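2 protein chains.
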Amino acid sequence: MARRARDDLRTEVLDVAERLAVAGDRLSMPEIARRVGVSRQTLYSEFGDRDGLAAALVLRATDEFLDRIISALDGEADLHAAWVAAAGAALTEASVNPLVKALLTGAPSAFGDRSGPIVAAATERAAGYLRRSRPDLPDDDVDLAADTVTRLVVSHLVLPGGPAELVAEKIATVVLRILRV
Amino acid sequence: MARRARDDLRTEVLDVAERLAVAGDRLSMPEIARRVGVSRQTLYSEFGDRDGLAAALVLRATDEFLDRIISALDGEADLHAAWVAAAGAALTEASVNPLVKALLTGAPSAFGDRSGPIVAAATERAAGYLRRSRPDLPDDDVDLAADTVTRLVVSHLVLPGGPAELVAEKIATVVLRILRV
DNA sequence: AGTTAGACACATATGAGGAAAGTGTCCAGA
DNA sequence: TCTGGACACTTTCCTCATATGTGTCTAACT
Numbered sequence: 002m003a004r005r006a007r008d009d010l011r012t013e014v015l016d017v018a019e020r021l022a023v024a025g026d027r028l029s030m031p032e033i034a035r036r037v038g039v040s041r042q043t044l045y046s047e048f049g050d051r052d053g054l055a056a057a058l059v060l061r062a063t064d065e066f067l068d069r070i071i072s073a074l075d076g077e078a079d080l081h082a083a084w085v086a087a088a089g090a091a092l093t094e095a096s097v098n099p100l101v102k103a104l105l106t107g108a109p110s111a112f113g114d115r116s117g118p119i120v121a122a123a124t125e126r127a128a129g130y131l132r133r134s135r136p137d138l139p140d141d142d143v144d145l146a147a148d149t150v151t152r153l154v155v156s157h158l159v160l161p162g163g164p165a166e167l168v169a170e171k172i173a174t175v176v177l178r179i180l181r182v
Numbered sequence: 002m003a004r005r006a007r008d009d010l011r012t013e014v015l016d017v018a019e020r021l022a023v024a025g026d027r028l029s030m031p032e033i034a035r036r037v038g039v040s041r042q043t044l045y046s047e048f049g050d051r052d053g054l055a056a057a058l059v060l061r062a063t064d065e066f067l068d069r070i071i072s073a074l075d076g077e078a079d080l081h082a083a084w085v086a087a088a089g090a091a092l093t094e095a096s097v098n099p100l101v102k103a104l105l106t107g108a109p110s111a112f113g114d115r116s117g118p119i120v121a122a123a124t125e126r127a128a129g130y131l132r133r134s135r136p137d138l139p140d141d142d143v144d145l146a147a148d149t150v151t152r153l154v155v156s157h158l159v160l161p162g163g164p165a166e167l168v169a170e171k172i173a174t175v176v177l178r179i180l181r182v
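Keeping their order, the protein sequence lines are chains X and V. Heads up, the first sequence stops at 182 in the working numbering, and the numbers go up one at a time, no gaps. Heads up, the second sequence stops at 182 in the working numbering, and the numbers go up one at a time, no gaps.
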């Protein structure tokens with residue numbers, strides 16, 4: 002019933018909003034409504050207000066990004082290869098998707114400049130992956146490695162230190178050294 | 002002879018300029034000249050142009066900052082303690098000196114937003130210290146550790162991860178792990 | 001010598017004002 | 001349930017005049 006239509010609406014609205022955000026345009030309710038082909042009031046009914054819409058967009062982008070990283074991690078058996086893949090995926094995704102990059106680096110963008118949340122979430126999920134795949138490792142080491150890997154990725158977005166593959170390799174090495182494996 | 006007076010002039014001009022920059026004011030030649038009690042033309046004779054003055058200021062701040070870090074490193078015998086001291090000194094200095102912080106993080110400030118140079122210089126001097134104090138370590142490890150330690154320090158300036166002492170301790174640990182010592 | 005005040009043309013900020021969106025909320029009607 | 005229009009209010013966007021700063025030159029001063 003309405004469930005389906007409601008989800009479709011949200012998806013389409015967020016797609017349009019993301020397109021606008023990526024293009025660097027300001028996120029305006031009338032413009033989004035016009036492009037989606039829906040009335041402005043429908044947007045307000047669905048998302049509450051402008052901030053609600055922006056928050057939904059950030060949430061979706063964050064989830065998709067993190068899922069991509071985790072699946073890169075899970076796609077490799079060897080721990081080193083897993084982190085090379087994950088770091089590489091994160092760097093590539095951020096260089097391709099301005100929205101993700103803005104969220105990670107805290108650059109001012111169409112919504113706000115929330116940098117903390119996605120970085121904290123990334124750290125948490127990195128730690129979760131490590132705890133899951135290597136329960137034998139001490140928690141302190143896992144936390145340190147998770148914190149370090151996210152900081153290094155963000156650092157390389159702000160101040161690139163070479164081609165993504167090479168950087169990913171270095172980051173993976175650092176993680177492994179921290180874990181002493 | 003003129004040597005002495007010239008150095009004094011440069012020092013005083015840079016002091017005034019730094020005070021203005023730290024206060025967040027725009028760096029203007031008339032204002033600096035007025036405060037130093039010298040004519041505008043003297044400034045142009047000495048520094049060439051506004052950029053020349055800004056560059057001199059950046060150079061001095063960078064040198065002083067890096068010297069402070071290196072002496073923190075040299076002040077400790079144990080490698081771990083040395084890096085705790087250095088990372089702590091860097092974090093403290095940056096939190097106290099807005100000029101240094103702006104230079105390290107690339108934040109827009111009174112001059113420009115040159116972030117690369119000081120970070121590259123810091124990395125180079127960190128590597129130099131390691132090569133000097135531990136010639137037995139492989140160059141690759143030294144470079145990786147130096148690059149990582151500077152990136153982590155900058156990262157913690159942008160996104161603080163706790164009290165400086167704790168963060169310094171963690172960073173030192175990462176360095177030691179990378180070096181496998 | 002080096003320094004200064006003043007003048008110059010040019011570029012860059014700053015601020016005030018109105019016009020043009022955009023926001024959030026209402027309601028009558030399809 | 002959605003729409004379109006209206007509403008009061010805020011925020012952004014121009015435009016233009018003014019002010020301030022830049023970089024250079026020159027004549028006078030010490």
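Backbone N, C-alpha and C define an ideal beta-carbon position, used for all residues, glycine too. Please read all numbers here as calculations on a predicted model, not as lab measurements.
Output the boundary residues of the alpha helix (DSSP H) element that contains residue i.
i	result
Pro190 (chain X)	Only positions 2 to 182 of chain X appear in the structure, and residue 190 (chain X) is not among them; the question remains open.
Gly89 (chain V)	80-97
Val154 (chain X)	140-159
Glu166 (chain V)	165-180
For a test of the three-state rule: what should DSSP assign to residue i, helix, strand or coil?
i	result
Gly107 (chain X)	coil
Ser40 (chain V)	coil
Ser72 (chain V)	helix
Arg35 (chain X)	helix
Arg27 (chain X)	coil
Gly162 (chain X)	coil
Glu65 (chain V)	helix
Glu19 (chain V)	helix
Gly49 (chain X)	coil
Glu77 (chain X)	coil
Asp137 (chain X)	coil
Give every residue of the same chain whose Cβ lies closer than 8 Å to the Cβ of residue i, excluding the five residues on either side of it in the sequence, and list them in chain order.
i	result
Ala90 (chain X)	Arg69, Ile70, Ala73
Ala122 (chain X)	Thr63, Leu67
Ala165 (chain V)	Gly89, Leu92, Thr93, Ser96
Ala57 (chain X)	Arg11, Leu15, Phe48
Leu158 (chain X)	Leu92, Ala95, Ser96, Lys102, Leu105, Thr106
Ala78 (chain V)	none
Does the Cβ of residue i lie closer than 8 Å to at least one heavy atom of the ligand GDP?
i	result
Gly25 (chain X)	You won't find the ligand GDP in this model; it holds no ligand whatsoever.
Among residues of its own chain, excluding the 5 on either side of residue i, which ones have a beta-carbon nearer than 7 Å to its beta-carbon?
i	result
Arg127 (chain V)	The question names Arg, yet the displayed sequence has Ala at residue 127 (chain V). Correct list, in chain order: Ala147, Val150, Thr151.
Met30 (chain V)	Arg41, Leu44, Arg51
Ile172 (chain V)	Trp84, Ala88, Val150, Leu153, Val154
Leu138 (chain X)	Leu131, Leu180
Ala18 (chain V)	Leu28, Ile33, Leu54, Leu58
Gly162 (chain V)	Val168
Excluding five sequence neighbours on each side, which residues of the same chain lie with their C-beta closer than 6 Å to the C-beta of residue i?
i	result
Leu131 (chain X)	Val143
Thr174 (chain X)	none
Val23 (chain V)	Pro99, Leu100
Legend entry - Proximal residues, the segment 140-162 of chain X versus chain V, C-beta separation under 8 Å: Leu145, Asp148, Thr149, Arg152, Leu153, Val155, Ser156, His157, Val159, Leu160, Gly162
Inset, instruction - Please name the residues in the segment 61-82 of chain X whose beta-carbon is closer than 7 Å to at least one beta-carbon of chain V, in chain order. - result: none
Inset, instruction - For the segment 162-175 of chain X, enumerate the residues whose C-beta is nearer than 7 Å to any C-beta of chain V, in chain order. - result: Gly162, Lys171, Thr174, Val175
Inset, instruction - Report the residues of the segment 119-143 of chain V with a CB closer than 8 Å to any CB of chain X, ordered along the chain. - result: With the criterion set as a beta carbon lying under 8 Å from some beta carbon of chain X, the members of the segment 119-143 of chain V are Val120, in sequence order.
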